[in-house]
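Novice: Residue numbering for the sequence shown follows this note's numbering, starting at 145 and increasing by one per position.
By construction, the Cβ of each residue, glycine as well, lies at the ideal position given by its N, Cα and C atoms.
Sharing a structure, written as structure tokens. Questions coming.
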Amino acid sequence: MHDIWNLWHGYVKCVESKVTFVFCGTGRRFVKDNRLYKIEKNFLQSQQAFKSGLNFQGKPIEFKLYDKWGRIVSDEELISHIIESVVKLAV
Numbered sequence: 145m146h147d148i149w150n151l152w153h154g155y156v157k158c159v160e161s162k163v164t165f166v167f168c169g170t171g172r173r174f175v176k177d178n179r180l181y182k183i184e185k186n187f188l189q190s191q192q193a194f195k196s197g198l199n200f201q202g203k204p205i206e207f208k209l210y211d212k213w214g215r216i217v218s219d220e221e222l223i224s225h226i227i228e229s230v231v232k233l234a235v
């Protein structure tokens, strides 16, 4: 088997760097302990990935958003914009 990217190595690197890691699917062919597993259905691939426990919540991502004039958009401005959009959709 070709070991292009080792899942465990990727997980460990993310934990060390405090970066969020989500193992969301095994893929159709998954090798574990030198055994090849063939998992055809997407929901089973996701289930097996979740059961592995290989998920890690890293440090929160901070976004700095700017308006078209180059000013930083505050959290209050973002929330009011979302509320306006929801109200328009509800009407």
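(1) Exposed or buried, what is Thr245 when buried is set at 16 or more other beta-carbons lying within 10 Å of its beta-carbon?
(2) Pull up the distance between the alpha-carbon of Cys158 and that of Glu206, whole angstroms please.
(3) Counting pairs of Cβ atoms below 8 angstroms between the segment 198-205 and the segment 165-174, do you hit three or more?
(4) Please say whether Gln189 and Gly202 have beta carbons closer to each other than 8 angstroms?
(5) Tell me, to the nearest whole angstrom, how far the beta carbon of Arg173 is from that of Lys185; I am working on the premise that it is less than 8 angstroms.
(6) DSSP on Ile216, reduced to helix/strand/coil?
(7) Looking at the secondary structure, which residues open and close the beta strand (DSSP E) in which Leu180 lies?
(8) Pick out whichever of Val156, Leu222, Asn150 has its Cα sitting closest to the Cα of Asn178.
Specialist: With the structure as the only source:
(1) There is simply no residue 245 to check, as the chain begins at 145 and stops at 235 in what is shown.
(2) Translated into positions along the sequence shown, residue 158 becomes position 14. Translated into positions along the sequence shown, residue 206 becomes position 62. Each residue's Cα considered, the two are about 17 angstroms apart.
(3) yes
(4) Locating residue 202 in the sequence shown gives position 58, where the first residue counts as 1. Locating residue 189 in the sequence shown gives position 45, where the first residue counts as 1. No, they are not a contact pair.
(5) Looking up residue 173 in the sequence shown gives position 29. Looking up residue 185 in the sequence shown gives position 41. The pair is not a contact, with the Cβ atoms about 13 angstroms apart (cut-off 8 angstroms).
(6) Counting from 1 along the sequence shown, the entry for residue 216 is found at position 72. Reduced to three states, the DSSP call for Ile216 is strand.
(7) One-based indexing of the sequence shown puts residue 180 at position 36. Element bounds for Leu180: 179-182.
(8) Numbered from 1 along the sequence shown, position 34 holds the residue referred to as residue 178. Selected option, being the one with the closest Cα: Asn150.
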